[in-house]
Amino acid sequence: MTTPHVILLDPIPADAEATKASISASLRFVSADEPILTAFDAGAGRGDGIFETLGVSDGRARGIDAHLARLEASAEKLDLPAPNLAQWRGGVEALLAALPPKGQASVRLVITRGTDEAGPPTCWLTGTPVSSDFPERTDGIRVVTLSRGYANDVGENAPWLLVGAKTLSYAINMAALREAKSRGADDVVFTSTDGFALEGPTSSLILRQGNTILTPAIQHGILAGTTQSDLFEFLQDDGFECVYRTIEVGELLRSDAAWLVSSVRLAAPITAVDGEAVPTDLELTARMNAALLA
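Below, the structure written as structure tokens:
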């Protein structure tokens with residue numbers, strides 16, 4: 001597999017004009033094995049930072065506008081300096097030019113608070129070719145439901161919990177996936193203490209009930225999903241009614257089909273919930289993934 005590419009980004013203030021020359025001067029390719037963080041960086045020591053991961057198909061980054069908007073929103077939630085979106089777009093374009101023109105890849109954007117509360121953030125991007133073989137897209141995944149430990153409205157009542165930000169603090173998410181593996185499952189659907197389905201540790205939840213496609217409303221303590229948004233656009237054009245609302249946990253078993261969707265794995269159909277088999281829609285799954293890869 002091709003060696004990953006890494007770019008260090010010297011941040012340009014968000015309110016400054018980012019010209020082609022200034023963007024180019026602010027980006028520096030470094031070796032994938034070159035150290036780029038100090039031991040005192042807040043991202044490494046505290047998980048104090050944010051990131052985005054974009055899927056790439058044949059040289060095209062999917063949903064770049066949505067990912068950049070979410071990066072900006074996450075920075076605001078964490079009181080990090082606002083990113084200059086033109087500069088970050090230039091960084092993504094530089095990585096796309098360096099990656100193989102055919103096949104699939106992932107591009108990651110990272111901002112940490114750096115080494116000093118008043119100093120500049122640490123910023124970098126990575127571009128990594130990935131296999132196009134994702135059996136989960138066709139074989140499906142078994143999920144378990146795990147409580148996130150708070151109510152559905154926590155995002156409105158406790159914004160300091162950062163539930164709507166894509167932060168580097170992923171220890172809980174990874175622990176949840178390990179718990180799923182220990183139970184013989186592949187992935188997780190987080191639930192609220194008041195009985196609602198939320199999202200996966202690294203993915204968004206989508207259900208089909210007849211001609212209606214559902215996903216949890218983003219104001220209810222979940223991360224806005226870029227892949228989910230792209231799929232809603234495709235599905236609306238395909239004749240489905242797409243709805244954001246609260247989803248009771250029991251609806252996972254009563255729906256006609258369900259998926260966990262994310263930028264790189266794309267749409268993975270859920271085949272079982274807590275050990276109980278659930279219906280799948282493989283024909284729609286194939287069309288959804290084809291639309292994302294187009």
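In full-length UniProt numbering, the protein residues as written are 1 to 294. Think of the CB as a built atom: it goes at the ideal place given N, C-alpha and C, for glycine as much as any other residue.
From what residue to what residue does the alpha helix (DSSP H) around Leu68 run? Secondary structure note for Leu68: its alpha helix (DSSP H) is the uninterrupted segment 64–77.
Give me the residue from Gly164, Asp238, Ile36 with the minimum Cα distance to Val110. Ranked by Cα distance from Val110, the options Gly164, Asp238, Ile36 are led by Ile36.
Pop quiz: Val249 and Phe196 are said to be a contact at Cβ under 8 Å. What is the actual Cβ separation, rounded to whole angstroms? Right, the Cβ-Cβ distance comes to about 7 Å (below 8 Å), so this counts as a contact.
Do Leu268 and Arg137 have their C-beta atoms within less than 8 Å of each other? Before going on, a small fix: residue 268 reads as Ala here, not Leu. Going by C-beta atoms, Ala268 is nearer than 8 Å to Arg137.
Please classify Asp33 as buried or exposed, where buried requires at least 16 neighbouring CB atoms within 10 angstroms. With fewer than 16 other Cβ atoms within 10 Å, it is exposed.
Please report the residue range of the alpha helix (DSSP H) in which Ala171 lies. Where Ala171 is concerned, the enclosing alpha helix (DSSP H) starts and stops at 171–182.
Hey, is the segment 240–248 in contact with the segment 104–120, meaning 3+ C-beta pairs nearer than 8 Å? The segment 104–120 and the segment 240–248 do not touch, with fewer than three beta-carbon pairs separated by less than 8 Å.
Between Phe51 and Arg265, which are expected to be in contact by the criterion C-beta below 8 Å, what is the C-beta distance as a whole number of angstroms? In this structure, Phe51 and Arg265 do not form a Cβ contact; the two beta carbons are roughly 17 Å apart against a cut-off of 8 Å.
For Asn289, which residues of its own chain have a beta-carbon under 8 Å away from its beta-carbon, when the five flanking residues on both sides are left out? Taking C-beta separations shorter than 8 Å and ignoring five residues to either side along the sequence, the partners of Asn289 in its chain run Arg137, Leu266, Ala267, following chain order.
Beta-carbon gap between Leu162 and Leu71 smaller than 8 Å: Contact flag unset, no.
Per DSSP, what kind of secondary structure is Leu95 in: helix, strand or coil? It is helical.
Excluding the 5 residues preceding and the 5 following Gly127 in the sequence, name in chain order all residues of the same chain whose CB lies nearer than 7 Å to its CB. If we look at Gly127 and ignore the five residues flanking it on each side, its Cβ neighbours are Pro4, His5, Leu95, Ala98, Leu99, Ala105, Val107.
Given Thr280, which residues of its chain have a CB within under 7 Å of its CB, disregarding the five upstream and five downstream residues? Apart from the 5 residues on each side of it in sequence, Thr280 sits with its Cβ closer than 7 Å to the Cβ of Gly140, Ala257, Pro269, Thr271 in its chain, given in chain order.
Length of the line joining the Cα atoms of Ser203 and Arg28: C-alpha separation (whole angstroms): 31 Å.
Would you mind giving the Cβ-Cβ distance between Gly91 and Leu125, rounded to the nearest angstrom? I have them listed as a contact below 8 Å. Between Leu125 and Gly91 the Cβ distance is about 5 Å, and since that is below 8 Å, they are a contact.
For Leu168 versus Gly43, is the C-beta spacing smaller than 8 Å? For Leu168 and Gly43, yes; Cβs fall inside 8 Å.
According to DSSP, is Phe196 helix, strand or coil? Phe196 falls in the strand class under three-state DSSP.
One question on the structure: do Leu146 and Ala176 come within less than 8 Å of each other, judged by their Cβ atoms? Their beta carbons are under 8 Å apart, which means Leu146 touches Ala176 by this criterion.
As assigned by DSSP and simplified to three states, the class of Val273: Reduced to three states, the DSSP call for Val273 is strand.
Using alpha carbons as the reference points, say which of Pro13, Gly149, Ala171, Arg178 lies closest to Arg46. If you compare the alpha carbons of Pro13, Gly149, Ala171, Arg178 with that of Arg46, the shortest gap goes to Ala171.
Looking at the unbroken beta strand (DSSP E) that takes in Ile12, where does it start and where does it end? Secondary structure note for Ile12: it is in no beta strand (DSSP E), with a DSSP letter that is neither H nor E.
Output yes or no for whether 8 Å exceeds the beta carbon distance between Ala151 and Pro83. No, the Cβ-Cβ distance between Ala151 and Pro83 is not below 8 Å.
Element boundaries [alpha helix (DSSP H), containing Ala286]: In the DSSP assignment, Ala286 falls within the unbroken alpha helix (DSSP H) covering 282–293.
List, from N- to C-terminal side, the beta strand (DSSP E) runs of 3 residues or more that fit wholly inside the segment 85–142. Counting whole runs of 3 or more residues, the segment 85–142 contains the beta strand (DSSP E) stretches 104–112, 122–130.
Mind reading off the beta-carbon distance from residue 363 to Val144? Whole number of angstroms is fine, and I expect it under 8 Å. The chain is shown only over 1 to 294; residue 363 falls outside these bounds and no answer can be derived.
Less than 8 Å between the beta carbons of Leu252 and Val273, yes or no? In this structure, Leu252 places its C-beta atom within 8 Å of the C-beta atom of Val273.
What first and last residue would you give for the alpha helix (DSSP H) that runs through Ala25? Note, Ala25: alpha helix (DSSP H), 20–26.
Assign Thr38 to buried or exposed, taking buried as 16 or more other Cβ atoms, counted over all protein chains shown, within 10 Å of its Cβ. Counting of Cβ neighbours within 10 angstroms places Thr38 among the exposed residues, the total staying below 16.
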